[in-house]
Amino acid sequence: MDWKNRLDQIKNKIKSQLHAKGVDNLLQLQSVFTEFDKDQSGTLDKLEFEEMMSKLGVFLARQELTTVYNHFDANKDGHIQYEEFIGTLRQDINEKRLAVVKHAWQFLDKSSTGRVPLGSLLKSYQVQSHPRVLTREKNAEKVYNEFETCIGARAGGGQVTESSFLEYYADINACLPAEKDDYYVDLVLKTWGLNTDKAFVSPQRLQEIENIIFEKVRQRTHGADDEGKTVKKIFKHFDLDGFGTIEPNEFRKALETLGCVFKDFEMDAIFRKYDANENGKLDYEEFASSFARMGSGNNPNVNPVFGLTREPPNQVIDKIKTVLKARGAHGIRGLGIVFRRIDNSRDRKLDRQEFMWGLRENGHDLTPSEFERIFKYFDKNNDGKVSYDEFLRALRGEMNQRRRELIMLAFKKLDKTGDGRITVDDLKDSYDVSFHPEFKQGKKSKQAILEEFMQQWDTLNKDGIVNPEEWEDYYKDVSASIDDDDYFELMIRNAWHIAGGKGQYENTTIKRELVRDADGTERVVMAKGHENFTYDKNASKFWGADIR
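Going by UniProt numbering, the first residue of the sequence shown is number 1, and it counts up by one from there.
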């Protein structure tokens, strides 16, 4: 038996036994862990781990325990980190479970502000419908107290955000085996008073349905008319009483006219989404306006009709960003190189065909409707052209103050003359690739990484000089591919030998020297030119000596 490849099965076995013992959230698990973590180090040795699992009622075969040790004891010091162990249990929430939680959140966040008062959630929670209460495995008071404690721990300022809500249910997922999907769906929907009899349609599927409708409308108009106005015209034809609303059967006929045929429960789901008053009637003006936003939010002839503000096609932007992020630090930079090569007129703008070619060449597989939405949005002047600088800015986003200050510290260190200029040769001599993640993982050689890094600077003014603006532009692209501020800081410190950082993010690559004071005392100090810089999160500033 190949035990090493059975980690997923072992995790599911752990979840199954936790569920059978009545452990419904990670706070219960954490309290037991804390009991055995005598030194409060956040780790357990193997004996402590086995005793903890035994108390929880979880029993694994010796080979299974060995697999767990080998996976979670990464540094082979005989200890298992609680956070890493729990993180692995939390990360495998499937699409069905995630979709039903998002569905519940959409129901609760009626104002679409992204946050709900904690008191409102506590009042709305229908504990009598919880599966544990229905089967009398736990009493209602115990289940409610567990809910209040766990959701309350994630509330900030008396408010629960969408991410906190999802994290709460990720904790429940971590204690529930894969075969308990129906239990999970019932738990989420019933405790919020949502109907579990109707077939559930995930938010992702609803988005797919809307995209299909949009594409059918786009094909019908051939770009000659706005999609929103076309939808309104078709639905108005089926509004027999002229009240500006249509009923489910009329809605179905209108979609069939467009060539859209969906399952009955999917038709019902998309209808309910736009039936704001839940009175069985859909305001097709609102329905049509959503397609105006999707297709022509930038068209001056559309906004007066629907009274809309322009909304970015975030779904398409996120799709492109996901591909670029997977390519690492130079993903966005590479797309910019492609655009500049295609830009024959050198006006930093691309027409529809050039823009499409550029995205395709860079490996972005967009549907016709996705391309149409993104091109129309970034065609700000409605002249049939897109500024690719503006498009790239939208992809990379803004760099926060902490990251900006850090990269300028690095620039200041390299700018030895203080004239605001760094030579490309200086970059090559100073850039340390030893701690680059792709080198450490054995994916690329030092030489390959250095060559790739230097190629980025050849695309600028080609004068052999890098100024602060060019430096910041480069690191904006890099920053867009890294979510964690601390990790970004460590990367910059390692690359340019800037001392500082805390804990696992401290730069330990800096050379130290042994010096003897006048009184004969010996001490270890950082080598000259590598003085310490530490980021103070409270003051939002870097503190330390002047690196020059």
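Note that CB positions come from ideal geometry on N, CA and C, so glycine has one too.
Nothing here was measured: the structure is a model prediction, and the numbers come from that model.
Rounded to whole angstroms, the Cβ separation of Val116 and Leu108 is 5 angstroms, and the two are in contact under 8 angstroms.
Unbroken beta strand (DSSP E) stretches of 3 residues or longer found wholly inside the region 99–131: 115–117, given in chain order. Here DSSP, grouped into helix, strand and coil, assigns Lys385 to strand. If only uninterrupted alpha helix (DSSP H) runs of at least 4 residues are considered, those enclosed by the region 48–77 are 62–72. Here the region 124–142 does not lie against the region 229–245, with fewer than 3 beta-carbon pairs under 8 angstroms apart. Rounded to whole angstroms, the gap between the alpha carbons of Val32 and Ser481 is 37 angstroms. Beyond the five residues adjoining it in sequence on each side, Tyr168 comes within less than 7 angstroms, by CB distance, of Cys150, Ile151 and Arg154 in the same chain, given in chain order.
For His364, the three-state secondary structure derived from DSSP is coil. Between Val201 and Glu256 the beta-carbon gap is near 19 angstroms, outside 8 angstroms, which marks them as no contact. For the pair of segments examined, the region 405–425 was found to touch the region 462–482: the number of CB pairs separated by less than 8 angstroms reaches three. If the five residues before and after Tyr125 are omitted, its C-beta is found closer than 8 angstroms to the C-beta atoms of Tyr144, Phe147, Thr191 and Trp192, all from its own chain and listed in chain order. Of the candidates Asp73, Ser434 and Ile449, the residue whose Cα lies closest to the Cα of Leu490 is Ser434.
DSSP, read as helix, strand or coil, puts Gly193 in coil.
Cα atoms of Arg404 and Ile332: separation of roughly 18 angstroms, rounded to the nearest angstrom. Pairwise C-beta distances place the region 350–360 in contact with the region 379–396, as three or more of them are shorter than 8 angstroms. For Thr257, the enclosing alpha helix (DSSP H) covers residues Pro248 to Thr257.
With a contact defined as Cβ atoms closer than 8 angstroms, Glu95 and Gly42 miss out at about 31 angstroms. For Ser16, same chain residues with a beta-carbon under 7 angstroms away, outside a window of 5 residues either side, are Pro177 in chain order.
Using a Cβ distance threshold of 7 angstroms, Cys175 and Asp37 do not count as a contacting pair. By the neighbour-count definition (other C-beta atoms within 10 Å, threshold 16), Arg341 is an exposed residue. With a cutoff of 7 angstroms on beta-carbon distance, Leu118 and Gly158 are scored as near each other. Ranking Ala326, Gly78, Ala269 and Glu361 by CA distance to the CA of Gly336 puts Glu361 first. In this structure, the straight-line span from the alpha carbon of Asp39 to that of Trp357 is close to 60 angstroms.
In the DSSP secondary-structure assignment, Thr245 is bridged to Asp283.
Ranked by how close their Cα comes to the Cα of Leu60, the residues Leu18, Lys76 and Thr34 have Leu18 in first place. A direct Cα-Cα distance of roughly 23 angstroms separates Ser430 from Asp485. Glu370 counts as buried, since at least 16 other C-beta atoms from the protein chains shown sit within 10 angstroms of its C-beta.
Ranked by Cα distance from Gln28, the first of Ala20, Asp45, Asp8 and Leu56 is Leu56. Rounded to whole angstroms, the gap between the alpha carbons of Lys138 and Gln128 is 11 angstroms.
Pairing Lys319 with Met53, the inter-Cα distance amounts to about 41 angstroms. DSSP, read as helix, strand or coil, puts Val323 in helix.
Proximity to Arg373 across Lys321, Lys416, Asn314 and Ser387 peaks at Asn314, based on C-alpha coordinates. Around the beta-carbon of Glu215, 16 or more other beta-carbon atoms lie within 10 Å, marking it buried. Taking C-beta atoms under 8 angstroms as the contact rule, Leu414 and Asp426 qualify, at a distance of about 6 angstroms. The three-state secondary structure of Lys236, taken from DSSP, is helix.
The Cβ atoms of Met399 and Lys476 sit closer than 7 angstroms to each other.
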